[in-house]
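To start, the structure under review is shown below, and the notes come after it.
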Amino acid sequence: MILLFAVLTGILVPALVILVIVLRSRSSRYRTERDTPWRVELVDLQTGYRLQKTFYYELEMGRSTGREEPEGRLFLGNWKTISRLQCRLTADVDGVWIENASRTNASILNGMQIDQPCRLQAGDRLKLGGQEFFVSALERR
């Protein structure tokens with residue numbers, strides 16, 4: 002009986018320790034990926050004005066509402082050709098994705114209308130409503 006207990010404990014305890022280590026590493030990796038901030042910088046090609054924002058998982062972009070810009074939101078200006086919610090950026094382990102959120106004003110990435118989420122990268126050109134932007138920076142912080 003004591004021998005059986007020693008054998009089971011010798012096998013069972015290390016196996017449980019390994020299982021706990023694996024589960025912790027997976028959960029902390031997910032938390033780290035989701036909690037890693039991203040920084041996006043856009044240049045308005047008409048005015049040269051730079052817009053930048055640090056975000057974590059999701060960033061909504063659209064026309065200014067006249068109020069203070071909340072976290073998770075980037076105001077692109079007060080042009081009527083930009084919807085209040087024009088597009089949405091979503092970050093994951095593969096990078097940053099952009100999707101159109103406006104029903105009335107188109108979002109165009111590098112000359113192609115955005116109909117489904119597309120990967121966004123530094124150097125891309127965005128036409129949001131009637132305004133054109135250059136993605137001058139998109140990086141993890």
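FYI, the numbering for the sequence shown is 2 to 142, going by my numbering.
Even glycine gets a Cβ: it sits at the ideal position worked out from N, Cα and C.
From the options, residue whose alpha carbon lies closest to that of residue i
i	options	result
D95	L121, G112, S108	L121
P71	W80, K81, L60, N79	L60
F134	G73, W39, P38, Y50	Y50
S84	S108, E69, L46, G124	S108
G146	L46, R40, W98	Outside the displayed span of the chain (2 to 142) sits residue 146, for which this structure offers no information.
C119	V97, N106, K81	V97
I99	L52, R142, R68, Y58	Y58
Alpha-carbon to alpha-carbon, residue j and residue i
i	j	result
D116	L75	21 Å
D36	A92	10 Å
G78	F56	19 Å
M113	L86	19 Å
G73	T105	22 Å
T66	L52	16 Å
L43	K81	19 Å
K54	G124	17 Å
A138	W39	10 Å
Paired residues, beta bridge with residue i - DSSP
i	result
N101	C88
K54	V41
D93	G96
E133	K128
E59	T91
Exposed unless 16 or more other CB atoms sit within 10 angstroms - verdict on residue i
i	result
R64	buried
M62	buried
K1	Outside the shown range of the chain, which is 2 to 142, sits residue 1, and nothing can be said about it.
R30	With a pLDDT of 43 at R30, under the threshold of 50, the predicted position of this residue should be treated as unreliable, and no value is reported.
Next on the checklist: Extract the residue ranges of the alpha helix (DSSP H) inside the region 105-129, only unbroken runs of 4 or more that lie entirely within it.
Outcome noted: Here no run is fully enclosed.
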